[in-house]
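Taking it in order: structure first as structure tokens, then the write-up.
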Amino acid sequence: MKDQIICSTCGTYFLAATAPNLCPICAEERQYIPATGQGWTKPDDLCRDHSIKINKIKESLYEIDIIPTFAIGQRALLLLSKNGNVLWDCIPMLDEQTIDFIKSKGGLKAIAFSHPHYYSNMNDWAAIFHCPVYIHENDAEHIVHKGEHINLWKGEELELWDGIKIMLIGGHFAGSSILHVPFLSKEGSILCGDTIFLSPSKKHFSVMRSYPNRMPLPLSEIRRIKKRMESIPMDSFYGYIKTQNLDVGVKQVFEDSMERYLA
Ligand SMILES: [Zn+2]
Ligand SMILES: [Zn+2]
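Quick note on numbering: my numbering labels position 255 of the sequence shown as 255, and the sequence is numbered without any gaps.
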């Protein structure tokens, strides 16, 4: 890979020769530059003291994490499907054992994203697995390096195969999306990133403009998202970290949570 540096706060990769002074993803109001200033690291340094852990959540669904946690700390989800596997979101690291594992499961037919906070080293993942990266066009301005594999999609949803759909929700980012999977559970599952955020109690969902900066969305947006989600069948939920799995009462918890905003 070319000479790259990584923002230590969000995990976005930049070409070292053309990197800005401040990471634009973190300088934007939904993230933050730490009080200690912009931090950078290099892929070799990251790999030296971190590893990748792959864990099976259920049949056809794996989570991929960096250990110990780095930057935002999101997981990537590997969805296995008959007509091609999908990687949902990226982690900012990739090693041989992870590449071998994914290849042993049939490789990737697509990488799809919830939103810009997880773009990481997406161009490297796409080059290794020779697959397209699907990003909603509403978030195009946040792509640091628009490599040849990046495909911007438009509209409310993009059907992939085997009934799998990327669905635009908006809110946190104008292009914030979810992946809807019909075959992991009875009603359907959503892979979510932080488009919707499940609290540690698992009894509340929040939808915010910024989670780290605690910036709310306007009530009109909450109303719109509530309505949008009502039309989407789901009985299981997989958020941006491993403590955000829920497969009991998902619809009810979501509805009650949105009512609390609007009361
Ligand atoms: Zn950053
Ligand atoms: Zn985010």
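Where a beta carbon is used, it is the ideal one built from N, C-alpha and C, also for glycine. Note that the structure is a prediction, hence the values are computed from the model and not measured.
8 Å Cβ cutoff met for residue i and residue j
{"i": "Leu87", "j": "Ala71", "result": "no"}
{"i": "His136", "j": "Leu168", "result": "yes"}
{"i": "Leu184", "j": "Lys58", "result": "yes"}
{"i": "Asp89", "j": "Tyr62", "result": "no"}
{"i": "Asp194", "j": "His180", "result": "no"}
{"i": "Gly107", "j": "Asn123", "result": "no"}
{"i": "Phe197", "j": "Ser206", "result": "yes"}
{"i": "Met215", "j": "Phe254", "result": "no"}
{"i": "Tyr127", "j": "Val133", "result": "A small fix is needed here, since residue 127 is Ala in this sequence, not Tyr. Contact: no."}
{"i": "Leu246", "j": "Ser236", "result": "yes"}
DSSP state of residue i mapped onto helix, strand, coil
{"i": "Ile164", "result": "coil"}
{"i": "Phe254", "result": "helix"}
{"i": "Lys226", "result": "helix"}
{"i": "Met122", "result": "helix"}
{"i": "Gln4", "result": "strand"}
{"i": "Thr41", "result": "strand"}
{"i": "Asp49", "result": "helix"}
{"i": "Ala110", "result": "strand"}
{"i": "Lys103", "result": "helix"}
{"i": "Ala127", "result": "helix"}
{"i": "Arg260", "result": "helix"}
{"i": "Ile190", "result": "strand"}
{"i": "Pro116", "result": "helix"}
{"i": "Asp139", "result": "helix"}
beta-carbon residue i near ligand 2 non-hydrogen atom, thresh 7 Å
{"i": "Tyr211", "result": "yes"}
{"i": "His142", "result": "no"}
{"i": "Asp65", "result": "no"}
{"i": "His136", "result": "no"}
{"i": "Asp139", "result": "no"}
{"i": "His180", "result": "no"}
{"i": "Lys44", "result": "The question names Lys, but residue 44 is Asp in the sequence shown. False, no ligand heavy atom lies under 7 Å from that Cβ."}
Rounded straight-line distance, which links the Cα of residue j to that of residue i
{"i": "Gln244", "j": "Ser120", "result": "21 Å"}
{"i": "Ala263", "j": "Ile225", "result": "16 Å"}
{"i": "Gly11", "j": "Pro92", "result": "5 Å"}
{"i": "Ala140", "j": "Ala112", "result": "14 Å"}
{"i": "Glu29", "j": "Ser8", "result": "17 Å"}
{"i": "Lys103", "j": "Gln31", "result": "34 Å"}
{"i": "Phe14", "j": "Ile67", "result": "22 Å"}
{"i": "Gln97", "j": "Leu80", "result": "18 Å"}
{"i": "Leu191", "j": "Ser176", "result": "12 Å"}
{"i": "Met234", "j": "Ser189", "result": "5 Å"}
{"i": "Trp40", "j": "Pro24", "result": "13 Å"}
{"i": "Ala17", "j": "Asp65", "result": "29 Å"}
{"i": "Pro20", "j": "Gln38", "result": "11 Å"}
{"i": "Gln74", "j": "His115", "result": "12 Å"}
{"i": "Ile5", "j": "Ile52", "result": "19 Å"}
{"i": "Ser60", "j": "Met258", "result": "31 Å"}
{"i": "Ile241", "j": "Ile150", "result": "25 Å"}
{"i": "Asn213", "j": "Ala27", "result": "12 Å"}
{"i": "Val250", "j": "Met208", "result": "18 Å"}
Cβ-heavy atom distance, residue i to ligand 1, below 7 Å
{"i": "Thr12", "result": "yes"}
{"i": "Ile91", "result": "no"}
{"i": "Thr9", "result": "yes"}
{"i": "Cys23", "result": "yes"}
{"i": "Gln4", "result": "no"}
Min CB distance residue i to chain C below 8 Å
{"i": "Lys146", "result": "Absent from the structure is chain C; it holds one protein chain and no more."}
Within the chosen definition, does the stretch 194-202 reach the stretch 143-161 through at least 3 CB pairs nearer than 8 Å? no
Decide yes or no for the touch test of the stretch 155-166 against the stretch 45-57: beta carbon pairs closer than 8 Å, at least 3 of them. Touching, no.
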